[in-house]
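Student: The listed protein sequences derive, respectively, from chains A and B.
Whatever position you read off the first sequence (first residue = 1), add 27 for the working numbering.
Whatever position you read off the second sequence (first residue = 1), add 63 for the working numbering.
Every residue, glycine too, gets a C-beta built ideally from N, C-alpha and C.
Sharing a structure below in C-alpha cells format, with a few things to ask.
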Amino acid sequence: MDKIKTLFKQYPLALLLALSWLILSGWGLVNFCLQPSEYSEIHTTGAMLTGDTTLIGSFFEGPGGTSSTSSVSSVLNRKSLPVPASYPKSDPEGAQDSPLFHRSAAYSPEREASDLSGILPDQELYPESDPGSEPLPEEAAEPEPEYTPFASVPRTPSEPRHPLYDDVGATALDTPADYITVEDDYFDHALFLGDSRIEGMSMASGLNNADYLYLRGVGIGYMSVLDLFYVSGGRFVQEDAQLTSVLQKNDYNVFYICSGINGMGEEGPEDFARHYKEIIDLLLSYHPDALVFILSIMNVTKEYSDSNDLVNNDNINSRNYRLAQLADGKQIFYLDQNPVVCSEDGGLDPELSTDGYHIRAQHYALVSDFLRQRGIPLPE
Amino acid sequence: MLLTDLSFLFRFLPLWLLGWFGAGLLKNSGTRQVFRQLWLMAGSIVFYLGGFSLQRLWPLALLLLSVGVNYALSVLMAASRSRSPKASACCLILSVVFNLSILIWFKYSTEGVPLGMSFYTFSAISYCIDVFRGEYFPKDILLFLNYLLFFPKMLQGPISRFRDFQEDMDKVCDSRLPDPDKLEEGLILFICGMALQGVLAGKLGSLWSHVWSIGPYGFGTIPLWIGAWGYSLQLYFDFFGYSLMALGLAGIVGFTLPQNFDSPYASLSFSDFWRRWHMTLGSWFRDYLYIPLGGSKKGTGRLFLATAVTWLATGLWHGPGWNFLLWAGLFCFLILLERGHLRKHLKKFPLLGHIYVLLLVPMSWMVFVIGDLKSLREMLQVMCFIPLKGSMAPGILDGMAALRPYIWVLALGILFATPYPEKLLRKYIHTWPVRLLMLGLFWFSVWQIYKSGSSPFLYLAF
C-alpha cells in the first residue's frame with residue numbers, strides 16, 4: 028500500500044490516466060460482451076453526423092479503430108437527437124408500413140425487371156426489404172398504366188464496395204413530364220431545402236427571390252429536427268430556423284430538395300428514401316398543392332469516388348435510383364442534375380470543384396439554368 | 064499508424080510503454096540497455112508498419128536499406144578521415160547523393176514519398192555530415208537505426224541530431240525508473256498536442272474547407288480573410304500539435320527532442336517568423352546548406368546566393384508544385400528585403416510588424432496551398448479588395464453569416480497561437496488543477512477524435 032502511495036505521489040497524472048483508461052476499458056469490455064451487435068454494425072467513415080456512440084467500443088474494433096459505428100436507427104434509438112414522432116420504425120416490418128413503401132402507382136416489379144433485363148438477372152433489387160414477404164403483390168397485379176413517372180438507362184453494374192449499397196445497374200433519369208422553360212419569378216415562392224449544395228445555391232445561384240433552408244453536413248433524416256440556416260430574398264435571416272416554423276410562416280408553391288451525400292453509411296438506400304419521403308410528406312402537409320422537385324444527389328469527382336468505398340458514385344447512384352421512384356409525375360418530380368455538372372467519366376467535373384464533392388460558387392449558375400428549363404406549371 | 068489513431072493510443076502505446084518501463088525491473092544495466100534498444104527498434108518497426116500490416120513492407124525495406132548504406136558509408140568515412148580526406152569526402156558525397164536521389168525520385172514520381180522519408184533522409188544526411196566533420200564515430204548500428212526510426216519523430220520530425228539522441232539513450236538506459244517531472248511534462252505536452260492536432264486543427268480545417276469549397280465567387284473579402292486565417296491556424300496547429308505529441312512522447316520515455324515551433328504568429332517579421340516555424344528544418348538548412356554556402360559572413364553576393372539556394376531547396380523539399388517554389392520565392396524575397404531596411408522599421412513599430420506578419424503570412428499560405436494559378440489569382444484579388452468581374456461578384460461581407468458557427472473555433476485558434484497559454488501552463492505545470500484539466504482534455508480529445516476520425520497530418524504529404 029505504501030508503495031502504491033509513493034508511486035501515486037511520484038506519478039500522479041500517469042496513474043490517473045492509467046486508472047481512467049482501465050475503468051473505461053473495463054466498462055467498454057462489459058458493453059462489448061453484453062451488446063455484441065452494437066459493434067458489428069456497418070463501419071462508417073463518410074458520415075458527417077454521427078451519434079454519441081459508445082466510446083470504448085472502438086477499442087475493440089478491428090484494425091484502424093477510428094471509424095464510428097452507427098446507423099440512423101441506432102443513433103435515434105440512443106436519443107442523441109430528438110426524434111420526431113412521425114418517424115417510422117427502421118425495421119423491415121415498419122418499413123413495409125411506411126408510405127414510402129407504397130411505391131408510385133406506376134411501379135411494378137415486372138416493369139423494373141424489364142428495365143434491368145439482361146443487366147442484373149439474379150440481383151435482389153431491394154435487399155433491405157423483408158426477403159420473406161412478397162413485394163406488394165396487389166400492386167404488381169394491377170395493369171400497367173400508360174404513364175410511368177420513372178425512366179432509367181442501363182449502366183454497367185459494379186461490384187458493391189460497401190455492404191449497405193447495391194448497384195441496381197441503371198441510372199434514373201428526370202421524371203418524364205412536359206417541362207417548360209420558366210423565368211426567375213417562378214422561384215418567388217420557392218423553398219430550397221438541403222445541405223451544403225443548397226448553401227452554395229443560396230450564395231451563388233442568382234435565384235435571390237427564393238428562400239433557402241440548409242445545414243452543412245446534414246442528412247435528410249435530421250432536416251426536420253435540427254436548426255437550419257435560413258436565407259430569404261438573398262439575405263441571411265437566421266441560423267436556428269426550424270423547418271416546420273418556416274413552412275408555417277411562408278406560402279410556398281414549389282420546393283426543391285437536395286440532400287443525400289451526408290449520412291452515407293448511416294443507412295441503406297431504402298431507409299434513406301423512406302426518410303426522404305417523410306420530409307416530402309411534411310412539406311406537403313403544410314402546402315398540399317405545392318410542387319416538389321427532388322434534385323439528384325450530385326456525383327463526386329471520379330478521383331474522389333475511386334478512393335472512397337462509401338461516398339462514391341455507385342452508392343450515390345444507388346440512392347438516386349430510389350429517389351427517382353418517389354416521383355409521381357404529377358406533384359413530385361425527380362430531376363437529374365448530374366449531366367449538367369459531370370464530365371464524360373461520369374464523375375463531377377474536376378474543373379468545377381476544388382474538393383471533389385462541392386461545386387464552386389461560380390458554377391451554380393449551371394444548376395439554376397438547368398432548373399429554369401425544368402419548370403412545371405405552378406398550381407393556381 | 065498515426066499518433067492520434069485510437070489503435071495507437073489504446074493498443075500500441077500502453078503495451079509498448081509496459082515493456083519499456085518493465086525493463087526497469089532488470090537489475091543489470093547492460094541487459095537493460097540491450098533490451099530497451101531492441102524494444103525501441105521493435106516498437107518503431109511495428110509503428111511504421113501500422114501494426115502487423117505487410118502493405119508498408121517495402122517502404123520499411125527501403126528505410127532499412129538507407130540505414131545500412133548510410134551506416135556503411137559513415138564507417139568508411141570515419142575510418143579514412145585521418146588517412147585519406149579525399150576518400151572520406153567521396154564517401155560523404157556518395158551518401159548525400161544516395162539519400163537525396165532516393166528522396167527526389169519519390170518526390171517527383173507518381174507514387175509519392177514513402178511515409179517519413181523526407182524526415183529520416185534529413186536525419187541521415189546530418190548524421191553523415193557530422194561523422195565527416197569528426198563529431199562522432201559510428202560504433203553502434205542499432206543506435207543509428209533507433210535514431211532514424213524513433214517512432215515519436217519518425218513521421219514528421221522534429222529533425223533531431225544524433226548526438227542529442229545518443230546522450231539521451233545512454234541516460235534512459237541507465238535509469239530504472241522514469242524521472243517523475245519529465246514524465247508528467249511529457250504527458251502534458253502529449254495531451255496538449257493531441258487536443259491541438261486532433262481537435263482544434265480539425266475544426267479550423269472545416270472552416271477553411273467551407274470557404275474554399277465555395278470560393279471567391281461566393282464569399283466576399285472579409286470571409287475569405289477569415290478562411291485564410293483559418294487555414295494558417297490549421298496548418299500551424301496540425302504541425303505544432305503533432306510536434307508537441309512527439310516531444311511529449313519522447314519526454315515520457317526520457318528523451319528530449321528539439322522544439323519545432325515558438326509562437327510563430329507572434330513574430331514581427333518574416334525572418335522572425337521563419338526562425339519560429341518548423342525550427343528544426345530551418346536550422347538543418349542553416350547548418351548544412353546556408354552556412355557552408357557562405358551565409359552572411361562573405362559579402363552581399365554570397366548572402367544573396369546562400370539565401371536563394373536555401374529557399375530553393377526549402378521550396379523543392381515541400382514538393383514539385385510551382386506553388387511551393389512561388390511560396391519559397393516570396394519568403395526569400397521578403398527576408399532579403401528585411402535584411403535591408405525593412406526590419407529596422409518593423410522593430411521600431413512592433414504593431415506594424417504584427418500587422419505585416421498577420422496580413423502577409425496568410426497570403427503566403429494561400430500561395431502554398433492553392434495549386435491552381437487562376438484560383439490563386441481570384442483568391443488574392445478578392446482578398447486585396449479588388450472585385451472580380453461579372454455579375455456574380457460578391458460584396459465585401461457576403462457569406463459572413465455562413466461562418467458564424469466557426470467564431471469560437473477561430474477565437475480559440477487565435478488565443479492558442481499566442482505565447483500566453485503556454486506561459487500560464489508552465490507556471491502551474493505540476494499542480495492538481497492542471498493534472499485534472501489534462502485528464503479531462505485527454506478524454507475529450509479521444510472522444511472528438513473518435514467522433515470525427517483521426518485526420519492525417521498535413522505535413523505527412525511533404
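(1) May I have the straight-line CA-CA distance separating ASN344(A) from TYR303(A), to the nearest angstrom?
(2) Strictly below 8 Å CB to CB, what residues from chain B border HIS216(A)?
(3) Under the three-state reduction of DSSP, which class applies to MET23(A): helix, strand or coil?
(4) Are any of the Cβ atoms in chain A nearer than 9 Å to that of LEU123(B)?
(5) Could you name the residues of the segment 380-397 of chain A whose beta carbon sits closer than 9 Å to any beta carbon of chain B, in the order they occur along the chain?
(6) With three or more C-beta pairs closer than 8 Å as the rule, is the segment 326-344 of chain B touching the segment 261-275 of chain B?
(7) Spell out the partners DSSP gives TYR241(A) in its beta bridges.
(8) Identify whether ASP267(A) lies in helix, strand or coil by the three-state DSSP scheme.
(9) By DSSP, does PRO181(A) sit in helix, in strand, or in coil?
(10) Give me the chain A residues within the contact set of MET501(B), using Cβ-Cβ distance strictly less than 7 Å, ordered along the chain.
(11) I want to see whether chain B comes within less than 9 Å of TRP48(A), judged by CB atoms only; does it?
(12) Please state the DSSP three-state secondary structure of VAL2(A).
(13) Output, in sequence order along the chain, the residues in the segment 265-292 of chain B whose CB is closer than 8 Å to any CB in chain A.
(14) Step through the CB atoms of chain B and report whether any lies within less than 9 Å of the CB of MET230(A).
(15) For a cutoff of 9 Å on Cβ pairs, would you count PHE219(A) as touching chain B?
(16) So, under 8 Å CB-CB, TYR249(A) and GLU226(A) are touching, yes? Tell me the CB distance rounded to an integer number of Å.
(17) So is PRO176(A) buried or exposed if we call it buried at 16+ other beta carbons inside 10 Å?
(18) Leaving out five residues on either side along the sequence, give the residues of the same chain with a beta carbon under 7 Å from the beta carbon of GLN96(B).
(19) CA-CA distance, CYS395(B) and PRO215(B)?
(20) Return no unless some Cβ of chain A is closer than 9 Å to the Cβ of ILE449(B).
(21) Could you compute how far the alpha carbon of TYR153(A) sits from the alpha carbon of ASN342(A)?
(22) Applying a beta-carbon distance threshold of less than 7 Å, which residues of chain A neighbour ARG498(B)?
(23) Restricting to Cα atoms, I'd like to know which of PRO201(B), PHE213(B), LEU120(B) and SER147(B) is closest to PRO177(B).
(24) Can the beta-carbon of GLY283(B) be found closer than 9 Å to that of MET463(B)?
(25) Keeping to the same chain, check which residues put their C-beta closer than 7 Å to that of PHE348(B); ignore five residues upstream and five downstream.
(26) In or out: ASN277(A) buried (at least 16 other Cβ within 10 Å) or exposed?
(27) In the segment 262-291 of chain A, which residues sit with their C-beta less than 7 Å from some C-beta in chain B, listed in chain order?
(28) Short check: CB of TYR305(B) to CB of TRP340(B), under 9 Å?
(29) I need the DSSP call for TYR171(B), collapsed to helix, strand or coil.
(30) Kindly indicate which residue of LEU255(A), LYS357(A) and MET28(A) has the alpha-carbon position closest to the one of TYR174(A).
(31) Under 6 Å Cβ to Cβ from GLY268(B), same chain only, skipping five residues before and after it: list those, please.
(32) Identify the contact partners of MET455(B) in chain A, using a Cβ-Cβ distance below 8 Å as the criterion.
(33) Using 9 Å as the limit for Cβ to Cβ distance, is ILE251(B) near chain C?
(34) What are the start and end residues of each continuous alpha helix (DSSP H) run of 4 or more residues lying completely inside the segment 175-216 of chain B, in chain order?
(35) Taking the alpha-carbon positions, what's the PHE213(B) to GLY55(A) distance?
(36) Less than 8 Å between the CB of TYR111(B) and some heavy atom of the ligand ZN, yes or no?
Tutor: Let me spell this out:
(1) 15 Å
(2) Residues of chain B passing the Cβ test: none, with the nearest at roughly 23 Å.
(3) The displayed coordinates of chain A run from 28 to 407. Any statement about residue 23(A) would go beyond what the structure contains.
(4) no
(5) SER380, THR381, ASP382, TYR384, HIS385, ILE386, ARG387, ALA388, GLN389, HIS390, TYR391 and ALA392
(6) no
(7) GLY221(A) and PHE256(A)
(8) strand
(9) strand
(10) LEU40
(11) yes
(12) Because chain A in this structure spans residues 28 to 407, residue 2(A) falls outside the shown range and cannot be described.
(13) SER272, HIS273, TRP275, SER276, ILE277, GLY278, PRO279, TYR280, GLY281 and PHE282
(14) yes
(15) no
(16) With a Cβ gap of about 15 Å, TYR249(A) and GLU226(A) do not count as contacting.
(17) buried
(18) CYS236
(19) 31 Å
(20) no
(21) With a pLDDT of only 37 at TYR153(A), under 50, the local geometry of the prediction cannot be trusted, and the value read off the model is given with reservation. When rounded, the distance between both Cα atoms is 14 Å.
(22) PRO39, LEU40 and LEU43
(23) LEU120(B)
(24) yes
(25) THR373, ALA376 and THR377
(26) exposed
(27) PHE263 and GLU266
(28) no
(29) helix
(30) LYS357(A)
(31) GLN297
(32) ALA231, GLY233, ALA388, GLN389 and ALA392
(33) Among the protein chains in the structure shown, which are A and B, there is no chain C.
(34) 180-195 and 204-212
(35) 32 Å
(36) Within the structure as shown, the ligand ZN is missing, as the structure has no ligands at all.
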